[in-house]
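See structure below.
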Amino acid sequence: QNSELFTLTYGALVTQLCKDYENDDDVNKQLDKMGYNIGVRLIEDFLARSSVGRCHDFRETADVIAKIAFKMYLGITPSVTNWSPGGDEFSLILENNPLVDFVELPDNHSTLIYSNLLCGVLRGALEMVQMAVDVKFVQDTLKGDSVTEIRMKFIRRIEDNLPAGEE
Amino acid sequence: MDSRFTRGKSPLLERALGRPRCELSLAAFALLFSELVQYCQRRVASVAELQARLALLGHHVGLRALDALVARERPGRRETKVLGVLLCVKGPLWRALFGREADKLEQANDDERTFYVIEREPLVNTFVSVPRENSSLNCAAFAAGLLEAVLGASGFPARVSAHWHKGTTLM
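Residue numbers (the UniProt record's numbering), protein chains in the order written: chain A, 1 to 167; chain B, 1 to 171.
Below is the structure:
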């Protein structure tokens with residue numbers, strides 16, 4: 001299925017959110033929350049369709065995310081780079097981002113993180129496999145950078161007995 | 001806004017309108033759409049309002065989809081007859097967006113200005129299950145809004161609504 005419907009629908013969603021909320025920061029938060037909800041469901045679909053087993057460490061997780069998950073859902077393969085010395089942080093570099101095809105950020109929304117949904121998705125999905133992570137954009141082609149870079153930091157392993165996101 | 005005018009056209013508009021570069025999975029769209037519906041649901045009080053919101057979002061999509069489609073598929077020629085534009089919608093437009101054509105196009109017997117676009121299983125309704133208390137909700141209201149925008153922008157102002165009939169019918 002081609003990506004245009006998806007890109008356009010996402011655009012309609014962000015536009016609607018900008019109308020509903022008065023400031024970019026609230027929109028960013030809402031996108032993150034919605035992304036989280038999607039991520040929580042996406043992980044099940046992913047595990048069912050991909051037959052990938054449990055990852056043994058964060059590096060393996062990074063590779064799976066970049067090479068399998070992104071490819072499966074968005075049709076792109078970001079590269080994994082910039083590992084921190086402790087091995088707990090890395091960057092995903094996206095040369096192109098289907099969410100932002102044909103999108104421009106108007107000047108009055110310069111603090112909007114348009115693709116913030118992706119951060120929420122990654123966070124939600126990983127939380128369901130017992131990993132608490134922090135995800136954020138550090139470069140964004142919409143803001144004039146040459147690539148889009150997402151930084152992912154491993155925070156801790158979530159204990160099994162108390163599902164963290166449950167409230 | 002003013003600085004844009006003096007800077008010249010933005011670089012994005014200079015790019016060629018190539019074919020879409022990636023193939024996405026249906027799941028990605030379905031998940032996004034369901035989240036979108038839930039978001040609208042939290043902010044409205046009735047089914048009618050929800051359908052209206054979905055239609056509005058579909059509207060947004062339709063306008064842009066039309067521009068892209070016309071620029072790519074039919075350079076220099078625009079549909080000027082009602083039947084022509086409807087067939088164009090049913091075929092190429094639906095195929096470009098949803099991966100396949102709509103199932104049928106029919107005309108109402110009693111009113112020559114009413115048409116039905118019928119799809120047994122619209123893409124937007126995959127993975128959507130409607131709880132009984134909201135049984136009149138049809139998320140194809142999104143597609144309805146899309147269609148309405150496309151027709152309107154092609155010079156055929158129309159009102160499009162989604163109905164449960166032989167699958168889903170956009171009227």
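In this text, a Cβ means the ideal position worked out from N, Cα and C, and glycines have one as well.
- Along the beta strand (DSSP E) that carries A:V100, what are the first and last residues, could you check? Residue mapping note: residue 100 of chain A aligns to position 100 of the first sequence, counting from 1. Premise fails: A:V100 is in no beta strand (DSSP E) and is neither H nor E.
- Just how far apart, CA to CA, sit A:L112 and B:H60? On the first sequence, position 112 is the one that residue 112 of chain A refers to. On the second sequence, position 60 is the one that residue 60 of chain B refers to. Cα to Cα, A:L112 sits roughly 20 Å from B:H60.
- Item | Three-state secondary structure assigned by DSSP to A:D134 | Within the first sequence, the letter at position 134 stands for residue 134 of chain A. Note: A:D134 maps to strand in three-state DSSP.
- Item | Option nearest A:A69 by Cα separation, candidates A:L31, A:L126, A:E149 | Sequence index remark: in the first sequence, residue 69 of chain A carries index 69 (1-based). Residue A:L126 is the option with its Cα nearest to A:A69.
- Message: For a contact defined as C-beta to C-beta under 7 Å, what are the partners of residue 174 of chain B on chain A?
- Response: Chain B is shown from 1 up to 171; residue 174 of chain B falls before or after that span and cannot be answered.
- Proximal residues of chain B, C-beta to C-beta of A:D24 below 7 Å: Along the first sequence, one-based indexing puts residue 24 of chain A at 24. Those do not exist, as A:D24 stays about 17 Å from chain B at its closest Cβ, beyond 7 Å.
- In angstroms, rounded to a whole number, what distance separates the CA positions of A:K67 and B:Q38? As a working note, residue 67 of chain A is residue 67 in the first sequence. As a working note, residue 38 of chain B is residue 38 in the second sequence. Distance between the alpha carbons of A:K67 and B:Q38 is about 30 Å.
- In three-state DSSP terms, what is A:S79? Taking the first residue of the first sequence as position 1, residue 79 of chain A is located at position 79. A:S79: strand per DSSP, three-state reduction.
- Query: A:E127 versus chain B: which residues are under 8 Å apart at the beta carbon?
  - Reply: Looking up residue 127 of chain A in the first sequence gives position 127. Simply none; closest approach about 16 Å.
- Task: Using only alpha-carbon positions, find the residue among A:G124, A:I150, A:E4, A:S115 that is nearest to A:D24.
- Result: For the purposes of this step, residue 24 of chain A is identified with residue 24 of the first sequence, where counting begins at 1. It is A:S115.
- Task: Have a look at A:S3, A:E104, A:T7, A:M34 and flag the residue whose alpha-carbon is nearest the alpha-carbon of A:L17.
- Result: Residue 17 of chain A sits at position 17 when you count from the first residue of the first sequence. Residue A:M34 is the option with its Cα nearest to A:L17.
- Helix, strand or coil for A:E4 per DSSP? Position 4 of the first sequence, counted from the first residue, corresponds to residue 4 of chain A. Helix.
- Query: Assuming A:L8 contacts B:A65 under a Cβ cut-off of 8 Å, what Cβ separation, rounded to an integer in Å, is found between them?
  - Reply: Locating residue 8 of chain A in the first sequence gives position 8, counting from the first residue. Locating residue 65 of chain B in the second sequence gives position 65, counting from the first residue. About 6 Å; that satisfies the 8 Å criterion.
- Item | Straight-line Cα distance separating A:V40 from A:F46 | The count along the first sequence starts at 1 and reaches residue 46 of chain A at position 46. The count along the first sequence starts at 1 and reaches residue 40 of chain A at position 40. One C-alpha to the other measures close to 10 Å.
- Which of helix, strand or coil does DSSP assign to A:L126? Here the question's residue 126 of chain A lines up with position 126 in the first sequence. Looking at A:L126 - three-state DSSP - the assignment turns out to be helix.
- Query: Thinking C-beta only, is A:F137 closer than 7 Å to A:F58?
  - Reply: Position 58 of the first sequence, counting from 1, holds the residue named residue 58 of chain A. Position 137 of the first sequence, counting from 1, holds the residue named residue 137 of chain A. Not a contact, by the Cβ cut-off of 7 Å.
- Just confirm the distance between the C-beta atoms of A:G124 and A:Y36, as a whole number of angstroms; I'd bet it's less than 8 Å. Residue mapping note: residue 124 of chain A aligns to position 124 of the first sequence, counting from 1. Residue mapping note: residue 36 of chain A aligns to position 36 of the first sequence, counting from 1. The Cβ separation is near 4 Å, so the contact holds.
- Whole-angstrom C-beta distance between A:R151 and A:S91, which should lie under 8 Å: Taking the first sequence and counting its residues from 1, one reaches residue 91 of chain A at position 91. Taking the first sequence and counting its residues from 1, one reaches residue 151 of chain A at position 151. Right, their Cβ atoms sit about 5 Å apart.
- Task: Run down chain A in chain order and give the residues with a C-beta less than 9 Å from the C-beta of B:L32.
- Result: For the purposes of this step, residue 32 of chain B is taken as residue 32 along the second sequence, with counting starting at 1. F6, T9, Y10, L13, M34, I38, L117, listed in chain order.
- Item | Rounded distance between the beta-carbons of A:V100 and A:T141, thought under 8 Å | Along the first sequence, read from residue 1 onward, the residue named residue 141 of chain A stands at position 141. Along the first sequence, read from residue 1 onward, the residue named residue 100 of chain A stands at position 100. About 7 Å separates the two Cβ atoms, so the contact holds.
- the stretch 44 to 66 of chain A: which residues have C-beta closer than 7 Å to a C-beta of chain B, in chain order? D45
- Using a C-beta cutoff of 7 Å, does B:A28 count as contacting chain A? Working through the second sequence from its first residue, we reach residue 28 of chain B at position 28. Closer than 7 Å to some Cβ of chain A, the Cβ of B:A28 qualifies, so yes.
- Message: Quick check on this structure: which residue in A:I93, A:F102, A:E60, A:L105 has the alpha carbon closest to the alpha carbon of A:Q139?
- Response: Translated into the one-based positions of the first sequence, residue 139 of chain A becomes position 139. Nearest C-alpha to A:Q139 among A:I93, A:F102, A:E60, A:L105: A:I93.
- Item | chain B contacts from the stretch 129 to 159 of chain A (Cβ-Cβ distance under 9 Å) | none
- Message: Out of A:D88, A:G87, A:R49, which one is the CA nearest neighbour of A:M72?
- Response: Working through the first sequence from its first residue, we reach residue 72 of chain A at position 72. Comparing Cα positions, the closest option is A:R49.
- Message: Please report the distance separating the alpha-carbon of A:S84 from that of A:I65.
- Response: The residue given as residue 84 of chain A occupies position 84 in the first sequence. The residue given as residue 65 of chain A occupies position 65 in the first sequence. In a straight line, the C-alpha of A:S84 is about 18 Å away from that of A:I65.
- Query: Is it buried or exposed for A:T148, if we count other Cβ within 10 angstroms and need 16 for buried?
  - Reply: Position 148 of the first sequence, counted from the start, is the residue given in the question as residue 148 of chain A. Flag for A:T148 reads buried.
- Message: Suppose contacts are defined by Cβ-Cβ distances below 7 Å. Is A:L117 in contact with A:L31 by that definition?
- Response: Locating residue 117 of chain A in the first sequence gives position 117, where the first residue counts as 1. Locating residue 31 of chain A in the first sequence gives position 31, where the first residue counts as 1. Yes.
- Message: Among the candidates A:V129, A:S3, A:V27, whose CA atom is the shortest distance from the CA of B:A30?
- Response: The sequence position of residue 30 of chain B within the second sequence is 30, counting from 1. Minimum Cα distance to B:A30 is reached at A:S3.
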